[in-house]
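Quick note, the sequence shown lines up with residues 1 to 224 if you use UniProt numbering.
One structure below.
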Amino acid sequence: MNLLESPPDHAGHAGHAARIDEVPAGRQDGGVAAFAPVAPRLLAIGLRVLHDAGEAEDVVQETWLRWSRADRSAVASPPAYLALTATRLALNVAQSARRRRETSAGPWLPETADPSAGPETAAERDEEVGAAIRLLLERLTPAERAVYLLRIAFDYPYRRISRILHLGEDHARQLLRRAHGRLAGERRHPVSAAAHQRLVRTFAAAARTGDLAELEELLAGEVA
1 MNLLESPPDH AGHAGHAARI DEVPAGRQDG GVAAFAPVAP RLLAIGLRVL
51 HDAGEAEDVV QETWLRWSRA DRSAVASPPA YLALTATRLA LNVAQSARRR
101 RETSAGPWLP ETADPSAGPE TAAERDEEVG AAIRLLLERL TPAERAVYLL
151 RIAFDYPYRR ISRILHLGED HARQLLRRAH GRLAGERRHP VSAAAHQRLV
201 RTFAAAARTG DLAELEELLA GEVA
């Protein structure tokens with residue numbers, strides 16, 4: 001099944017497609033409807049991080065495979081879950097490639113087994129979300145992090161982001177561009193356990209319930 005094709009203006013590539021034919025048809029039925037509309041956005045995430053159409057498509061494919069095997073009944077916001085998964089995978093690819101050039105050290109972020117239905121699924125999903133949130137806390141300023149989460153994870157329009165964070169729309173766009181650059185870099189800020197737990201808890205609640213008021217308040221407060 002050809003799920004998506006990248007537009008021709010992405011990094012000079014055209015006609016690339018992310019395929020999902022590795023997954024048995026019986027496992028696809030419940031996931032394609034939620035995945036297909038988000039797939040172009042996932043490809044864009046991969047392209048922004050990796051600047052390579054083929055690697056970005058691999059990220060989309062891997063995101064699909066994980067989604068197809070996940071306990072989707074426990075995911076209230078598929079777009080947020082998928083965007084965060086794709087971001088983590090793309091950053092892992094970028095950092096792993098750079099590390100391979102410089103050192104024989106292991107992967108930048110620990111890999112987890114593909115989730116499957118069962119008691120362990122929630123723990124694995126929580127681990128991935130926790131790792132991604134820690135990365136955002138380590139690499140981004142509060143303003144960059146707020147814009148990134150609202151735009152990438154929840155697909156907020158810039159006008160709404162600017163109202164919540166009291167920023168101009170152009171400034172919000174600039175912050176997102178900076179965030180992508182910083183996420184691919186090395187600089188890290190110290191992260192307190194309390195701040196990490198608070199953001200993980202608030203983000204997870206927003207993704208689970210669809211009520212983002214608490215997350216908006218937390219992010220706006222950090223920016224202020």
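Glycine residues also receive a C-beta, built at the ideal position from the N, C-alpha and C atoms.
Can you check whether the CB of residue j is closer than 7 Å to the CB of residue i?
i, j, result
"L150", "I161", "yes"
"L165", "A195", "no"
"S77", "A207", "yes"
"L43", "V60", "yes"
"L50", "A94", "yes"
"A213", "A153", "no"
"A131", "L84", "no"
Would you report the Cα separation of residue i and residue j, rounded to the nearest angstrom?
i, j, result
"P40", "P190", "34 Å"
"P142", "A224", "9 Å"
"T209", "V75", "9 Å"
"E169", "R163", "9 Å"
"A90", "L167", "28 Å"
"L218", "A53", "35 Å"
"A220", "A56", "31 Å"
"A172", "D155", "13 Å"
"F203", "E222", "14 Å"
"Y158", "S192", "29 Å"
"E186", "R201", "26 Å"
"A184", "D58", "18 Å"
How far does the alpha helix (DSSP H) with residue i in it reach, from first residue to last?
i, result
"Y158", "Y158 to L165"
"H180", "E169 to L183"
"D58", "A53 to R69"
"T209", "A193 to T209"
"P142", "P142 to Y148"
"A153", "Premise fails: A153 is in no alpha helix (DSSP H) and is neither H nor E."
"R48", "A39 to L50"
"V223", "A213 to V223"
Output needed for residue i: all residues of its chain with C-beta closer than 7 Å, excluding positions within five of it in sequence on either side, in chain order.
i, result
"W67", "G31, F35 and L82"
"Y148", "L136, L140, L176 and A179"
"residue 233", "What is shown of the chain runs 1 to 224, which leaves residue 233 out entirely."
"residue 233", "The structure shown does not extend to residue 233, since the chain is modelled only from 1 to 224, so the question has no answer here."
"I45", "A83, A86, T87, A90 and I152"
Quick one: residues in its chain with C-beta nearer than 6 Å to the C-beta of residue i, no 5 flanking neighbours on either side, listed in chain order?
i, result
"R178", "E144"
"R182", "R139 and L140"
"R48", "H180"
"V38", "P79 and L82"
Who are the near neighbours of residue i in its chain, counting only those whose CB is closer than 8 Å to its CB and skipping five residues on each side?
i, result
"E216", "L150 and I164"
"R198", "L218"
"D211", "A205"
"E128", "L84, T85, R88 and T112"
"E62", "L89"
Does residue i have its Cβ less than 7 Å from a Cβ in chain B?
i, result
"V32", "Annotation note: the requested chain B is absent from the structure, which comprises a single protein chain."
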